[in-house]
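Okay, structure first, notes after.
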Amino acid sequence: MNKKKWLSTPYLVWMIAFTIIPLLLIGYYGFTGRDGSFTIENITAIFSPAHSKALLKSLYLSLLCTIVCLILAYPVALILKNKNVGQGGFVIMIFILPMWMNFLLRTYAWLNLLDDGGIIERFCESIGISYTSIIGTDIAIILGMVYNFLPFMILPLFNVLTKMDQHVINAASDLGANAFQTFTKVVLPLSLPGIVSGVTMVFVPSLTTFVISDLLGARKVMLIGNIIEQEFSIADNRHLGSGLSLVLMIFILASMALIHRYDKNGEGSSL
Amino acid sequence: MKLKRFFSQIYLTLIFIFLYAPIAVLIVFSFNSEKGSRFNHFSLRWYQELFQSEMILDALWNTLFIAVTSAFFATIIGLISCLGISALKGKPKAVYMSLNNIPMLNSELVTGLSLMLVFAAFGLTAGYPTILIAHITFNIPYVILSIMPRLLQTNKSTYEAAIDLGASPMYAFYKILLPELMPGIFSGFLLAFTMSLDDFIITYFTRGAGINTLSTLIYSEVRKGIKPTINALSTIMFVSVLLLLFFVNRPKKDSTKQ
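Chains as they are written, first to last, in our numbering: chain A, 1 to 271; chain B, 1001 to 1258.
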């Protein structure tokens, strides 16, 4: 088998060219000014009121989105596990299928539902409840995030729960634990790897999104993703954009380090 | 116990509605006779316009071409690297697997931006090649994560037995290992294809002027209000995938029963 080691080199070359060097380049641009001289201005720019406000808002909304996803997804995973639908592709398909309808289009559809004159407003009118459009508020952004990223929380949780040894759970109840104790003392701790990878897969994209806030924020909500995107696409300042990306990456790394302390095996369990 | 089952059924249904409501809205409005959020009457107008819109058909072709090509290359590179990585042990293997996780943890925003910078630095003009490279890059990790578990489950002795009995490594791989890995390869390809199909952010940063995928086309049309022609196209795509899954899953069920 040892002869096959060389087979891993093409990917190593690929990763160096298209993952490592690009990241180093972000570092290079982040620490240089437009004239090419070293500066930390692009990094400290995060402390300007507009930037730090956007970063705090992103952190707040993505944290809230992650918590909502976890609370919504855990019962789903538990119910599906108890239904004994098996590890099979069916459940996974249910949650992957929406992806075949374009992500932007699906998010845009919420506009049809939620906006002034939208379907929900007319429904509320017909049953006599007043409804004010939530488009442009934090609630709309969180809804968009939860809608898009919920499957990424459900799948790893479902995976870890179905792989769990049923004997351990039975043993707990045989030894006199009630349903609540079994859950908090056995099921929950054993499902930590699933929680860790679910949280990772929800928190990172929601922290860095700029599309959802673009579509559902009515341009009233500025997240750090929007600021970075605009530095590149409109302001054409890749130095400042890279600097802010570096700050964002530090936050991602720090939160990952924090979360992965709970993943004792260090394995996680993604798709 | 019955009550519990009742509530869990309701809960699942609600989550299901939450996930599929926008899709239902999109499908319903693809049959609307007018543009806008009020349903007038049933019409196939947008389906007719769809097949006359060169811009949308172009974007569809680009999207499918990029998804198939990038998934294909990602699957091949992923498969080869899986074989290589599984031969590694200890620290090098751990380094590999954490490198493999970088694109997944990095967020699409940073991956897209950093690739854009590197293409500019290498002097590659943005176009099909840059989009393809970008998509292959973010697809490989998904392929590896799909194939790796299967590879670890395979029985090494069968492969070694084939070699001992005089099979060349290539022949043994083709006859023994590949069939066993096939489900993983297939799901890796499908996952990569889906990810590529649904991607917006990375394409947005690495595409050249004049090349649109469905995602970037939709994004540029959001400001003006999206025409239901896109809904019509998405409905066709969604329904075809649904039918495809239905047919793919049917024979499988029969074979497991036997």
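Glycine residues also receive a C-beta, built at the ideal position from the N, C-alpha and C atoms.
Note to self: Need the endpoints of the alpha helix (DSSP H) that T1137(B) sits in, please.
What the structure shows: Under the DSSP assignment, T1137(B) falls in the alpha helix (DSSP H) whose first and last residues are 1128-1153.
Check: What in chain B is Cβ-close to K4(A), meaning under 7 angstroms?
Finding: Within chain B, the residues near K4(A) are L1083, G1084, A1087.
Note to self: Does the CB of M1148(B) have a neighbour CB from chain A at under 8 angstroms?
What the structure shows: With its beta carbon at least 8 angstroms from every one in chain A, M1148(B) lies outside the interface.
Note to self: Run through chain B and tell me which residues come within less than 9 angstroms of A171(A), C-beta to C-beta.
What the structure shows: Ordered by position in chain B, no residue passes the 9 angstroms Cβ test against A171(A), which lies about 21 angstroms from the chain.
Note to self: Assuming E260(A) is part of the alpha helix (DSSP H), what are its boundary residues?
What the structure shows: Note that residue 260(A) is His in the sequence shown here, rather than Glu. For H260(A), the enclosing alpha helix (DSSP H) has its first and last residue at 238-260.
Next item on the list: Let me know if S269(A) comes out buried or exposed under the rule of 16 or more other beta-carbons within 10 Å of its beta-carbon.
Entry: Confidence at S269(A) is low in this model, with a pLDDT of 43, below 50, so the placement of that residue should be treated as unreliable; the coordinate-derived value is given next. S269(A) comes out buried.
Item checked: Under 8 angstroms between C-beta atoms of L12(A) and L1083(B) -> Cβ atoms of L12(A) and L1083(B): not closer than 8 angstroms.
Next item on the list: Take T1111(B) and list the residues in its own chain whose beta-carbon comes closer than 7 angstroms to its own, dropping the five residues that flank it on each side.
Entry: Excluding residues within five positions, the ones whose Cβ falls inside 7 angstroms are P1103, F1138, I1202.
Check: Going by DSSP, what residues sit across from F38(A) in a beta bridge?
Finding: For F38(A), which the question treats as bridged, DSSP gives the partners T32(A).
Check: Quick one: which chain B residues come within Cβ less than 7 angstroms of A109(A)?
Finding: Here the neighbours are P1022, V1025, L1026.
Next item on the list: Could you tell me which chain A residues have their CB closer than 9 angstroms to the CB of F1018(B), listed as they occur along the chain?
Entry: Close partners of F1018(B) in chain A (Cβ separation under 9 angstroms): L72, V146, Y147, L150.
Margin query: For chain A, check one thing: does any of its Cβ atoms lie closer than 8 angstroms to the Cβ of V1241(B)?
Written below: Chain A places a beta carbon closer than 8 angstroms to that of V1241(B), counting this residue as a contact.
Check: Interface residues of chain B around V211(A) at Cβ under 8 angstroms?
Finding: Those are F1200, I1201, Y1219, listed as they occur along chain B.
Margin query: Quick check on S269(A): does DSSP put it in helix, strand or coil?
Written below: Note that S269(A) has pLDDT 43, beneath the 50 cutoff, so the model's placement of it is unreliable and the number below is only indicative. S269(A): coil per DSSP, three-state reduction.
Notebook entry, point to check: Which residues in the same chain have their Cβ closer than 7 angstroms to the Cβ of T1075(B), if we skip the five residues on either side of it in sequence?
Noted result: Exclusion of the five residues before and after T1075(B) leaves V1143, I1185, G1188, F1189, A1192 as the residues of its chain whose Cβ lies within less than 7 angstroms of its Cβ.
Margin query: For A218(A), would you say it is in contact with chain B, using Cβ-to-Cβ distances shorter than 8 angstroms as the test?
Written below: With respect to chain B, the C-beta atom of A218(A) has no partner C-beta closer than 8 angstroms.
Margin query: Please return the same chain residues whose Cβ sits closer than 7 angstroms to the Cβ of S1081(B), not counting the five positions on each side in sequence.
Written below: The residues are I1144.
Next item on the list: Report the rounded CA-to-CA distance for I120(A) versus N112(A), giving the unit in angstroms.
Entry: Looking at the two C-alpha atoms, the distance is approximately 9 angstroms.
Note to self: Less than 8 angstroms between the beta carbons of K81(A) and T209(A), yes or no?
What the structure shows: Going by C-beta atoms, K81(A) is not nearer than 8 angstroms to T209(A).
Item checked: Contacts of L1140(B) in chain A (Cβ-Cβ under 9 angstroms) -> For the record, residue 1140(B) in the displayed sequence is Ile; it is not Leu. Those are Y11, W14, M15, listed as they occur along chain A.
Check: Based on the DSSP output, what are the partners of N1101(B) in its beta bridges?
Finding: BP columns for N1101(B) are empty, so no partner.
Next item on the list: Run the CB neighbour count on P1022(B), radius 10 Å, all protein chains shown included, and call it buried at 16 or more, exposed below.
Entry: Buried.
Item checked: Whole-angstrom distance between L175(A) and L70(A), CA atom to CA atom -> Rounded to whole angstroms, L70(A) and L175(A) show a C-alpha spacing of 29 angstroms.
Item checked: Under the three-state DSSP convention, the category N1032(B) falls into -> In this structure, N1032(B) counts as strand in the three-state DSSP scheme.
Next item on the list: Over the uninterrupted alpha helix (DSSP H) stretch that includes R219(A), give me the two end residues.
Entry: Where R219(A) is concerned, there is no enclosing alpha helix (DSSP H), given that its DSSP letter is neither H nor E.
Notebook entry, point to check: So what does DSSP say about F1051(B), is it helix, strand or coil?
Noted result: F1051(B): coil per DSSP, three-state reduction.
Note to self: Between which residues of its own chain and S1043(B) is the CB-CB distance below 8 angstroms, once the five residues before and five after are set aside?
What the structure shows: Counting only Cβ-Cβ distances below 8 angstroms, and skipping sequence neighbours, we find F1031, N1032, S1033.
Check: Under the three-state reduction of DSSP, which class applies to F149(A): helix, strand or coil?
Finding: Collapsing the DSSP output to three states places F149(A) in a helix.
Check: Hey, is F232(A)'s beta-carbon within less than 8 angstroms of any beta-carbon in chain B?
Finding: Chain B, which has a Cβ nearer than 8 angstroms to the Cβ of F232(A), makes this yes.
Next item on the list: Determine the contact status of L61(A) and M153(A), defining contact as a CB-CB distance below 8 angstroms.
Entry: No, Cβ-Cβ distance for L61(A) and M153(A) is not below 8 angstroms.
Note to self: Which runs of the alpha helix (DSSP H) at least 4 residues long sit entirely within the segment 1211-1238 of chain B? Give them in chain order.
What the structure shows: Whole alpha helix (DSSP H) segments, 4+ residues: 1214-1222.
Note to self: Give me the residue from L143(A), N42(A), F158(A) with the minimum Cα distance to L216(A).
What the structure shows: It is L143(A) whose Cα lies nearest to the Cα of L216(A).
Note to self: Could you compute how far the alpha carbon of I1148(B) sits from the alpha carbon of E41(A)?
What the structure shows: Checking the displayed sequence, the identity of residue 1148(B) turns out to be Met instead of Ile. Each residue's Cα considered, the two are about 44 angstroms apart.
Notebook entry, point to check: If you count every other CB in all the chains shown that lies within 10 Å of the CB of H167(A), and 16 or more means buried, which is it?
Noted result: Result: exposed.
Notebook entry, point to check: My guess is that V199(A) and I250(A) are in contact by the Cβ rule of under 8 angstroms, so how many angstroms apart are they, rounded?
Noted result: Contact flag wrong, Cβ pair sits at about 18 angstroms.
Notebook entry, point to check: Looking only at DSSP bridge pairs, what is G1042(B) linked to?
Noted result: It is Phe, not Gly, that sits at residue 1042(B) in the sequence shown. The secondary-structure analysis by DSSP pairs F1042(B) across a beta bridge with N1032(B).
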